[in-house]
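Protein sequences, first through last, are from chains A and B.
1 is the number of the first residue of the first sequence in this note's numbering; add one for each residue after it.
279 is the number of the first residue of the second sequence in this note's numbering; add one for each residue after it.
Ideal Cβ placement from N, Cα and C applies to all residues, glycine included.
Data first, discussion second: the structure below is written as structure tokens.
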Amino acid sequence: MSGAMAFSSEPEPEPEFERDPEPAAERPPAIEVDNVSASYRVRIDSPDIMTDFKRLVTRGDAFDRLVPALRDVSFYVPHGTVLAVIGRNGAGKSTLCRVICGVLPPESGRVVVRGRMNLLAPGLGFSEALTGRENITLGGLACGLSPERLAELADEIAEFAQLEDYLDLPMRSYSGGMRMRLASSIAVFLDPEILLIDEALTGGDVAFTEHIAEKTADLIGEGRTILLVTHGLSSAKKMATLALWLHQGRVAAFGDPDDVVDQYMRYCRIESLELDDV
Amino acid sequence: MEVADSYSDVEYVFEPHSRTLPDLREYVAALWDRRQFMKELANSDLRTARSSTTLGSIWSVADPLFQAAIYYFLYTVLRRGSSNNATFLPALIGGLYLFTLSMSALGEGGASIKRSKGLMLNSTFPRALLPMTTIYKELKDFIPSALVFVVLYPAVGGKLGPGFFVLPLLFVLQTIMNIGIALLVSTYVTLFPDGNNVMSYVNRVLFFATPVVYPVALLPATARLVVGWQPLFPLFASYQAVFSGGVPSPLLVLETAVWAFALLAIGAQYFLRHEREFAIHL
Numbered sequence: 001m002s003g004a005m006a007f008s009s010e011p012e013p014e015p016e017f018e019r020d021p022e023p024a025a026e027r028p029p030a031i032e033v034d035n036v037s038a039s040y041r042v043r044i045d046s047p048d049i050m051t052d053f054k055r056l057v058t059r060g061d062a063f064d065r066l067v068p069a070l071r072d073v074s075f076y077v078p079h080g081t082v083l084a085v086i087g088r089n090g091a092g093k094s095t096l097c098r099v100i101c102g103v104l105p106p107e108s109g110r111v112v113v114r115g116r117m118n119l120l121a122p123g124l125g126f127s128e129a130l131t132g133r134e135n136i137t138l139g140g141l142a143c144g145l146s147p148e149r150l151a152e153l154a155d156e157i158a159e160f161a162q163l164e165d166y167l168d169l170p171m172r173s174y175s176g177g178m179r180m181r182l183a184s185s186i187a188v189f190l191d192p193e194i195l196l197i198d199e200a201l202t203g204g205d206v207a208f209t210e211h212i213a214e215k216t217a218d219l220i221g222e223g224r225t226i227l228l229v230t231h232g233l234s235s236a237k238k239m240a241t242l243a244l245w246l247h248q249g250r251v252a253a254f255g256d257p258d259d260v261v262d263q264y265m266r267y268c269r270i271e272s273l274e275l276d277d278v
Numbered sequence: 279m280e281v282a283d284s285y286s287d288v289e290y291v292f293e294p295h296s297r298t299l300p301d302l303r304e305y306v307a308a309l310w311d312r313r314q315f316m317k318e319l320a321n322s323d324l325r326t327a328r329s330s331t332t333l334g335s336i337w338s339v340a341d342p343l344f345q346a347a348i349y350y351f352l353y354t355v356l357r358r359g360s361s362n363n364a365t366f367l368p369a370l371i372g373g374l375y376l377f378t379l380s381m382s383a384l385g386e387g388g389a390s391i392k393r394s395k396g397l398m399l400n401s402t403f404p405r406a407l408l409p410m411t412t413i414y415k416e417l418k419d420f421i422p423s424a425l426v427f428v429v430l431y432p433a434v435g436g437k438l439g440p441g442f443f444v445l446p447l448l449f450v451l452q453t454i455m456n457i458g459i460a461l462l463v464s465t466y467v468t469l470f471p472d473g474n475n476v477m478s479y480v481n482r483v484l485f486f487a488t489p490v491v492y493p494v495a496l497l498p499a500t501a502r503l504v505v506g507w508q509p510l511f512p513l514f515a516s517y518q519a520v521f522s523g524g525v526p527s528p529l530l531v532l533e534t535a536v537w538a539f540a541l542l543a544i545g546a547q548y549f550l551r552h553e554r555e556f557a558i559h560l
């Protein structure tokens with residue numbers, strides 16, 4: 001298990017963590033993240049025309065700001081594990097998901113993923129003018145499923161997402177919660193070996209959160225590997241077999257979910273006390 | 279925890295972005311595997327575009343008719359229809375419809391990556407599918423224009439010449455060229471934020487530098503020397519020869535073929551070397 005991190009604005013160097021909290025099968029891990037760093041490029045608005053000219057001469061690179069999102073992150077996830085990723089907003093959790101599924105290239109380090117992977121919510125990103133059924137089809141086809149299989153799955157997914165009456169209506173008529181329900185339902189139904197769920201994208205009402213937790217439990221029962229980005233600390237303790245706490249892009253703790261969540265809660269309490277003092 | 283015993287042997291390795299080319303055979307195979315996705319995405323886009331207007335699909339027939347009517351009015355009514363104008367009209371209308379296809383590759387194809395930000399950040403698939411989907415969609419959308427042209431061509435005095443046998447070859451070369459343009463421009467526009475502004479000028483320059491609204495024969499030698507060095511020139515000069523009842527010279531067709539394959543090679547190289555960094559720029 002990892003040690004706690006320092007509760008300051010500048011975190012201490014990443015603590016060592018045990019590499020094998022619960023040795024699984026002899027198979028190589030489902031996910032290996034090795035010293036990964038990743039950044040986003042943000043364009044800074046220029047205040048005047050002279051800056052624009054300078055930008056032209058320097059090809060603009062000098063005026064772009066690289067925002068580090070992950071710094072030297074290392075951990076591994078055995079097959080059949082449920083890894084809860086916790087941390088404050090902006091800690092790098094969603095970036096980690098995007099790096100693991102290959103959407104965002106790491107700046108340094110290496111990620112190896114073994115198994116068919118579904119990320120976040122494959123139904124997200126399509127036109128809102130399309131119906132729910134069309135979104136299911138497109139999401140599935142993007143993941144490489146056959147149209148025949150998707151035709152079978154569409155009604156099942158709609159029933160699971162509690163959207164039967166809306167399935168053939170354009171998505172622009174859906175509420176935010178309904179869209180997210182559909183997206184997360186597509187993700188869990190497309191037979192993933194490794195499923196990455198970003199709660200920020202798959203949120204819904206309490207009833208649906210429980211509903212999807214049941215489905216996730218089924219997948220866990222089948223030995224699938226799940227990476228769950230969550231703010232729900234109790235569900236992290238309940239569902240996860242491993243937990244990772246990210247803070248300012250670094251690994252603050254990794255290991256047993258009870259220990260990691262406790263450390264994170266201690267940190268949150270201390271920070272809240274410091275804020276009260278101010 | 280019981281681990282599922284029937285895992286696939288799929289393995290992904292993600293390393294820092296390098297501009298080396300991926301294995302082309304594997305990449306093409308991955309594109310082929312997702313062909314259903316490309317078809318469905320293109321069909322959905324078309325349905326969406328049509329369902330957002332009152333006239334819907336009627337626009338796909340009305341639009342080429344209106345274009346033809348405007349140029350008919352310009353060339354035969356405003357200019358009092360000299361015999362030269364009358365002969366040129368079939369080539370003008372045909373050239374205009376086909377030119378729209380290439381301009382869609384530049385505009386729509388070019389914007390295909392930036393427009394699909396949500397899809398790019400939430401799904402993994404070979405990114406070249408997006409510009410290629412635009413080309414497929416534009417080809418489907420071209421069918422009504424082609425049918426309108428088949429009816430209009432004899433009506434505006436067009437004649438069937440032996441050059442029509444070259445037409446399928448020219449169309450295939452144009453499609454190859456359009457894929458190259460879409461790959462090239464979509465990469466450029468994604469990497470450089472000013473790309474869209476630049477492309478609007480490129481679009482206008484190409485319109486006047488391509489023999490669509492004027493006969494090639496009217497170009498002064500010096501002007502031809504200047505505009506003849508852009509990829510669309512030999513293609514549209516060939517189309518013009520066909521729609522004027524003649525046969526394009528073999529040199530023009532060869533020049534078109536060289537441009538088509540060169541643009542495809544350059545566009546694909548540029549796209550594949552940068553596709554992994556697209557997410558950073560979106």
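Quick one: list the residues of chain A neighbouring residue i, beta-carbon separation under 7 Å, in chain order.
{"i": "Ser563 (chain B)", "result": "Since the first and last residues shown for chain B are 279 and 560, residue 563 (chain B) lies out of range."}
{"i": "Asp419 (chain B)", "result": "Per Cβ cutoff of 7 Å: no residues; Asp419 (chain B) is ~16 Å from chain A at best."}
Could you tell me whether any Cβ in chain B is nearer than 7 Å to the Cβ of residue i?
{"i": "Val113 (chain A)", "result": "yes"}
{"i": "Glu134 (chain A)", "result": "yes"}
{"i": "Gly102 (chain A)", "result": "yes"}
{"i": "Arg172 (chain A)", "result": "no"}
{"i": "Thr137 (chain A)", "result": "yes"}
{"i": "Pro147 (chain A)", "result": "yes"}
{"i": "Pro28 (chain A)", "result": "no"}
{"i": "Leu141 (chain A)", "result": "yes"}
{"i": "Arg181 (chain A)", "result": "no"}
{"i": "Arg110 (chain A)", "result": "yes"}
{"i": "Pro192 (chain A)", "result": "no"}
{"i": "Arg65 (chain A)", "result": "no"}
{"i": "Pro257 (chain A)", "result": "no"}
{"i": "Asp164 (chain A)", "result": "The residue asked about is misnamed: residue 164 (chain A) is Glu in this sequence, not Asp. Glu164 (chain A) does not count as touching chain B."}
{"i": "Arg41 (chain A)", "result": "yes"}
{"i": "Glu107 (chain A)", "result": "yes"}
State yes or no: is the beta carbon of residue i nearer than 7 Å to at least one beta carbon in chain A?
{"i": "Ser401 (chain B)", "result": "yes"}
{"i": "Ala369 (chain B)", "result": "no"}
{"i": "Ala557 (chain B)", "result": "yes"}
{"i": "Phe427 (chain B)", "result": "no"}
{"i": "Arg551 (chain B)", "result": "no"}
{"i": "Phe315 (chain B)", "result": "yes"}
{"i": "Arg405 (chain B)", "result": "no"}
{"i": "Arg554 (chain B)", "result": "yes"}
Show which residues of chain B have a CB atom less than 7 Å away from the CB atom of residue i.
{"i": "Tyr76 (chain A)", "result": "Per Cβ cutoff of 7 Å: no residues; Tyr76 (chain A) is ~14 Å from chain B at best."}
Find the residues of chain B that neighbour residue i, judging by a C-beta separation of less than 8 Å, and give them in chain order.
{"i": "Glu214 (chain A)", "result": "Ordered by position in chain B, no residue passes the 8 Å Cβ test against Glu214 (chain A), which lies about 18 Å from the chain."}
{"i": "Val73 (chain A)", "result": "Those within 8 Å of Val73 (chain A) in chain B number zero; the least Cβ separation is about 13 Å."}
{"i": "Glu152 (chain A)", "result": "Near Glu152 (chain A) there are no residues of chain B at all, since even the closest Cβ is about 15 Å away, more than 8 Å."}
Identify, in the order they occur along the chain, each residue of the same chain with its Cβ nearer than 8 Å to the Cβ of residue i, setting aside the five sequence neighbours on each side.
{"i": "Leu497 (chain B)", "result": "Pro489 and Val505"}
{"i": "Arg297 (chain B)", "result": "Arg551 and His552"}
{"i": "Gln162 (chain A)", "result": "Arg181, Phe208 and His211"}
Whose C-beta lies closer than 7 Å to the C-beta of residue i among residues of the same chain, with five residues either side of it excluded?
{"i": "Leu324 (chain B)", "result": "Lys415, Lys418 and Asp419"}
{"i": "Arg554 (chain B)", "result": "His295"}
{"i": "Leu66 (chain A)", "result": "Ser39 and Arg41"}
{"i": "Ile371 (chain B)", "result": "Ala346, Tyr349, Phe427, Leu430 and Val434"}
{"i": "Pro11 (chain A)", "result": "Annotation note: pLDDT 42 at Pro11 (chain A) (below 50); position unreliable, coordinate value reported separately. Cβ neighbours of Pro11 (chain A) beyond the five flanking positions: Met5, His247, Gln248, Arg250 and Ala252."}
Work out the CA separation of residue j and residue i for me, nearest whole Å.
{"i": "Val339 (chain B)", "j": "Gly439 (chain B)", "result": "26 Å"}
{"i": "Asp301 (chain B)", "j": "Tyr479 (chain B)", "result": "35 Å"}
{"i": "Tyr431 (chain B)", "j": "Pro368 (chain B)", "result": "6 Å"}
{"i": "Ile336 (chain B)", "j": "Ala307 (chain B)", "result": "37 Å"}
{"i": "Val450 (chain B)", "j": "Val288 (chain B)", "result": "36 Å"}
{"i": "Lys237 (chain A)", "j": "Asn481 (chain B)", "result": "58 Å"}
{"i": "Val82 (chain A)", "j": "Ile220 (chain A)", "result": "7 Å"}
{"i": "Val33 (chain A)", "j": "Val77 (chain A)", "result": "9 Å"}
{"i": "Leu484 (chain B)", "j": "Leu510 (chain B)", "result": "8 Å"}
{"i": "Phe292 (chain B)", "j": "Leu343 (chain B)", "result": "51 Å"}
{"i": "Ala154 (chain A)", "j": "Ile86 (chain A)", "result": "32 Å"}
Starting from the C-beta of residue i, find all residues in its chain whose C-beta is less than 6 Å away, skip the five residues before and the five after it, and write them out in chain order.
{"i": "Thr194 (chain A)", "result": "For clarity, residue 194 (chain A) is Ile in the given sequence; the question names Thr instead. Closer than 6 Å at Cβ, skipping near neighbours: Ala30, Gly115, Met117 and Thr225."}
{"i": "Gly123 (chain A)", "result": "With a pLDDT of only 48 at Gly123 (chain A), under the threshold of 50, the placement of this residue in the model should not be trusted; the figure read from the coordinates follows. Within the same chain, Gly123 (chain A) has close Cβ partners Asn135, Gly139, Leu182, Ala183 and Ile186."}
{"i": "Phe377 (chain B)", "result": "Val490"}
{"i": "Arg27 (chain A)", "result": "His79"}
{"i": "Phe403 (chain B)", "result": "Arg312"}
Anything in chain B within Cβ reach of residue i, meaning under 9 Å, just list it in chain order.
{"i": "Pro68 (chain A)", "result": "Ordered by position in chain B, no residue passes the 9 Å Cβ test against Pro68 (chain A), which lies about 13 Å from the chain."}
{"i": "Val295 (chain A)", "result": "Missing from the structure shown is residue 295 (chain A); chain A here goes from 1 to 278 and no further."}
Interface positions of the region 284-304 of chain B facing chain A (Cβ-Cβ less than 7 Å), listed along the chain: Tyr285, Ser286, Val288, Glu289, Tyr290, Val291, Phe292, Glu293, Pro294 and His295
Interfacial residues, the region 319-345 of chain B to chain A, with Cβ spacing under 7 Å: Leu319, Ser322, Thr326, Ser329 and Ser330
Contacting positions in the region 444-468 of chain B - beta carbon closer than 7 Å to chain C: The displayed structure is made up of protein chains A and B, and chain C is not among them.
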